[in-house]
Amino acid sequence: MNWVFIKDIKNYDGQVVTLKGWMYNLRSSGKIWFLLLRDGTGLIQGIVSKADVNDAVFDLKNILTQESSVIVTGLVHADKRAPGGFELIVHDIEIVQIVQDYPITLKEHGIEFLMDNRHLWLRSRKQWALLRLRHTIYYAITEYLNQNGFIRFDSPILTPNACEGTTTLFEVPYFDLGKGYLSQSGQLYLEAGIMSLGRVYDFGPVFRAEKSKTRKHLTEFWMMDAEAAFIDHVGNMQLQEELIRYVIRTAIERCEPELTILERDIARLKKADAPFGRMTHREAVEYLRKKGSTITDKDDLGAQDEVLLTENSDVPIFIEKWPKEVKAFYMKRDAKNPDLVLGDDLIAPEGYGEIIGGSQREDDYDVLLARMQAENMPLAEYQWFLDLRKYGTVPHSGFGIGLERLTAWIGGVQHIRETIPFPRTIYRLRP
RNA sequence: UCUGGAGUAGCUCAAUGGUGGAGCGGGUGGCUGUUAACCACUAGGAUGGGGGUUCGAGUCCCUCCUCCAGAGCCA
18 MNWVFIKDIK NYDGQVVTLK GWMYNLRSSG KIWFLLLRDG TGLIQGIVSK
68 ADVNDAVFDL KNILTQESSV IVTGLVHADK RAPGGFELIV HDIEIVQIVQ
118 DYPITLKEHG IEFLMDNRHL WLRSRKQWAL LRLRHTIYYA ITEYLNQNGF
168 IRFDSPILTP NACEGTTTLF EVPYFDLGKG YLSQSGQLYL EAGIMSLGRV
218 YDFGPVFRAE KSKTRKHLTE FWMMDAEAAF IDHVGNMQLQ EELIRYVIRT
268 AIERCEPELT ILERDIARLK KADAPFGRMT HREAVEYLRK KGSTITDKDD
318 LGAQDEVLLT ENSDVPIFIE KWPKEVKAFY MKRDAKNPDL VLGDDLIAPE
368 GYGEIIGGSQ REDDYDVLLA RMQAENMPLA EYQWFLDLRK YGTVPHSGFG
418 IGLERLTAWI GGVQHIRETI PFPRTIYRLR P
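So for the first sequence, the working numbering puts the first residue at 18; every next one is plus one.
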């Protein structure tokens with residue numbers, strides 16, 4: 018038996034091979050029938066002709082059903098009529114299991130039904146493509162970081178308190194120590210990591226107990242945080258831009274079939290691999306007010322503002338130098354204007370919203386302490402964080418990328434919930 | 001939490017206040033190049049729960065539940 022994967026089938030033209038997988042669909046036409054087989058690596062059409070096989074194999078058309086698992090042997094053969102260019106002239110089919118009543122048909126379904134059957138929906142073509150794209154994006158991010166001197170540094174998921182006192186945390190009982198919380202970002206720990214390793218990143222699940230209910234939010238999502246010593250605000254944005262452009266290029270290069278299945282406008286995506294836009298928060302506010310927004314120079318961007326800002330842009334846009342009131346305590350003040358902090362948000366085009374949040378960090382002990390006191394933070398819990406400014410402080414910067422938002426934008430899908438295998442939202446904890 | 005919308009066959013949807021239908025999926029049969037194949041036949045229903053109006057309610061009213069879209073917060 019010469020077991021091969023469908024993705025490699027072009028290398029076996031004219032040879033007899035064995036494929037192992039699942040029935041995606043079956044079409045019958047009397048003395049000939051067609052099976053669409055998937056094996057995780059791709060999809061191929063098999064032809065079963067009464068002239069080529071014995072009756073026992075031919076009659077399987079009467080019992081094979083969608084998602085039945087099978088082992089198929091046949092001759093690989095190039096044919097223009099076949100989707101993918103190659104098809105399999107079937108010689109033999111070994112049944113692993115005949116499926117009864119698979120719930121998801123090839124017709125349209127509602128989102129509630131699909132989410133209830135997420136464990137099966139994952140097998141559908143679009144979901145398959147999206148999960149492969151997610152994998153490639155995940156891989157490209159770490160590939161870029163590894164090539165640029167970043168060391169993977171796994172920050173803890175169970176933490177004693179909020180990283181940024183603003184958002185709501187999931188609470189868990191923690192033995193005799195009271196309550197623990199699920200991390201909403203590993204960033205503060207990364208700041209400790211760079212003082213040892215210079216450049217570090219983490220990549221893992223983070224948790225937000227906010228009752229957000231939009232196509233851009235999940236309660237559990239995967240975030241990559243990177244942090245680098247001796248990198249300032251400008252260098253930080255440069256790093257983010259290079260990384261995102263690398264991811265775009267890699268996705269287009271390695272995932273063209275997946276992007277095609279997703280009906281992504283690849284030409285438009287290619288245009289995003291160009292110098293990103295840059296505006297200060299103040300410039301953005303002026304621009305938005307001219308367009309009719311009610312935003313003020315003390316406000317964060319609303320969803321409509323993000324759309325207005327990027328509607329005429331092919332590339333993502335950095336919004337930098339934010340009023341300190343709307344950003345986290347650890348961001349460094351702008352030396353030229355103490356009301357501003359050296360933070361940057363990267364807004365994706367086409368209405369996908371913020372895909373990166375980053376900043377240069379406050380590295381002065383006294384300034385940071387004053388800022389934390391002003392926000393009534395529990396100083397004892399953060400003494401270790403203040404220590405980093407006491408023992409060899411250096412200018413440093415970092416940023417976080419939301420994997421699902423980035424995948425949603427690059428894949429061109431409307432809702433973030435399809436970009437993670439099992440999404441968690443306020444109203445969905447299962448399957 | 002707020003605003004808007006929707007719950008009818010396993011799924012996706014129809015049905016002027018007057019006998020609840022179709023497509024897909026299931027079953028049976030037909031077809032040698034199908035592309036979410038097609039054709040014929042067939043089985044399949046407390047119309048989300050409760051209450052009300054009416055001779056009569058899937059349809060109108062009240063209420064509860066569930067889901068969807070958007071907002072705020074954020075990645």
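Note that the Cβ used here is the ideal one computed from N, Cα and C, for glycine as well.
Within the same chain, show all residues whose beta-carbon is closer than 7 Å to that of ARG388, passing over the 5 residues directly before and after it, in chain order.
On the first sequence, residue 388 is found 371 positions in, with the first residue counted as 1. Answer for ARG388: PHE346, GLU379, listed in chain order.
According to DSSP, is VAL70 helix, strand or coil?
Translated into the one-based positions of the first sequence, residue 70 becomes position 53. In the structure shown, VAL70 sits in coil (DSSP, three-state: anything other than H, G, I, E or B).
Using alpha carbons as the reference points, say which of PRO177, ILE278, ALA157 lies closest to PHE220.
Counting from one through the first sequence, the residue named residue 220 turns up at place 203. Comparing Cα-Cα distances from PHE220 to each of PRO177, ILE278, ALA157, the minimum goes to ALA157.
Report the three-state DSSP secondary structure of ALA226 (helix, strand or coil).
Walking along the first sequence from the start, residue 226 turns up at place 209. Three-state DSSP puts ALA226 in coil, outside helix and strand.
Rounded to whole angstroms, what's the CA-CA distance from ILE312 to ARG306? Just pull it up for me.
As a working note, residue 312 is residue 295 in the first sequence. As a working note, residue 306 is residue 289 in the first sequence. Rounded to the nearest angstrom, the two C-alpha atoms are 7 Å apart.
Checking 8 Å against the spacing of the C-beta atoms, do GLY375 and ASP361 come in under that value?
Locating residue 375 in the first sequence gives position 358, where the first residue counts as 1. Locating residue 361 in the first sequence gives position 344, where the first residue counts as 1. Cβ distance < 8 Å, so GLY375 and ASP361 count as in contact.
Can you check which of these residues, GLU259, THR159, SER200, is closest to THR176 by C-alpha distance?
The residue given as residue 176 occupies position 159 in the first sequence. Closest by alpha carbon: SER200.
Going by the DSSP bridge assignment, what does PRO190 pair with across the sheet?
If you number the first sequence from 1, residue 190 lands on position 173. Note: PRO190 sits in a beta bridge opposite LYS196.
Given that a residue counts as buried once 16 or more other Cβ atoms are within 10 Å of its Cβ, and exposed if not, what is LYS341?
Locating residue 341 in the first sequence gives position 324, where the first residue counts as 1. LYS341 comes out buried.
Examine the Cβ distances between the region 56-63 and the region 125-134 and report whether three or more of them are shorter than 8 Å.
No: the two stretches stay apart, fewer than three of their Cβ pairs being nearer than 8 Å.
Are there 16 or more other CB atoms within 10 angstroms of the CB of MET18, so buried, or fewer, so exposed?
Looking up residue 18 in the first sequence gives position 1. Exposed.
Which of the three DSSP states is assigned to GLN144 in this structure?
The count along the first sequence starts at 1 and reaches residue 144 at position 127. DSSP places GLN144 in helix when its eight states are reduced to three.
Quick one: grab the DSSP three-state call for GLY101.
What you label residue 101 is simply residue 84 of the first sequence in a count that begins at 1. In this structure, GLY101 counts as coil in the three-state DSSP scheme.
Considering only DSSP beta bridges, list what LEU295 is partnered with.
Along the first sequence, one-based indexing puts residue 295 at 278. The residue asked about is misnamed: residue 295 is Arg in this sequence, not Leu. The partner list for ARG295 (beta bridge, DSSP) reads PHE335.
Using the Cβ count rule (16 or more neighbours within 10 Å means buried), how would you classify LYS27?
On the first sequence, position 10 is the one that residue 27 refers to. LYS27 comes out exposed.
Going by the beta-carbon positions, is the gap between ALA268 and ILE437 smaller than 8 Å?
Counting from 1 along the first sequence, the entry for residue 268 is found at position 251. Counting from 1 along the first sequence, the entry for residue 437 is found at position 420. Cβ atoms of ALA268 and ILE437: not closer than 8 Å.
Tell me the rounded alpha-carbon separation between GLY31 and VAL21.
Here residue 31 refers to the residue found at position 14 of the first sequence. Here residue 21 refers to the residue found at position 4 of the first sequence. Cα to Cα, GLY31 sits roughly 14 Å from VAL21.
Does DSSP classify GLU89 as helix, strand or coil?
For this step, residue 89 is matched to residue 72 along the first sequence. Per the sequence shown, the amino acid found at residue 89 is Val instead of Glu. Here VAL89 sits in strand by DSSP.
Over the uninterrupted beta strand (DSSP E) stretch that includes PRO355, give me the two end residues.
Position 338 of the first sequence, counted from the start, is the residue given in the question as residue 355. PRO355 -> beta strand (DSSP E) spans 354-365.
In the structure shown, what three-state DSSP assignment does ILE64 receive?
Here residue 64 refers to the residue found at position 47 of the first sequence. Strand.
Checking the sheet assignment: what are the DSSP bridge partners for GLN114?
Position 97 of the first sequence, counted from the start, is the residue given in the question as residue 114. GLN114 is bridged to SER86.
Tell me whether ARG151 sits in a helix, a strand or coil according to DSSP, three-state version.
Looking up residue 151 in the first sequence gives position 134. In this structure, ARG151 counts as helix in the three-state DSSP scheme.
What's the gap between the Cα of TYR304 and the Cα of LEU326?
Along the first sequence, read from residue 1 onward, the residue named residue 304 stands at position 287. Along the first sequence, read from residue 1 onward, the residue named residue 326 stands at position 309. Roughly 8 Å between the two C-alpha positions.
Could you tell me how far apart the beta carbons of THR159 and ILE115 are, in whole angstroms, since I believe they sit closer than 8 Å?
As a position in the first sequence, residue 159 is number 142, starting the count at 1. As a position in the first sequence, residue 115 is number 98, starting the count at 1. In fact, because the Cβ distance is near 41 Å, the residues do not count as touching under 8 Å.
Between the region 393-410 and the region 236-247, do three or more beta carbon pairs fall short of 8 Å?
Judged by Cβ distances under 8 Å, the region 393-410 makes no contact with the region 236-247, as fewer than three pairs qualify.
Classify ASN71 as buried or exposed, calling it buried when 16 or more other Cβ atoms lie within 10 Å of its own Cβ.
As a first step, residue 71 must be located in the first sequence, where it is residue number 54. Burial call: exposed.
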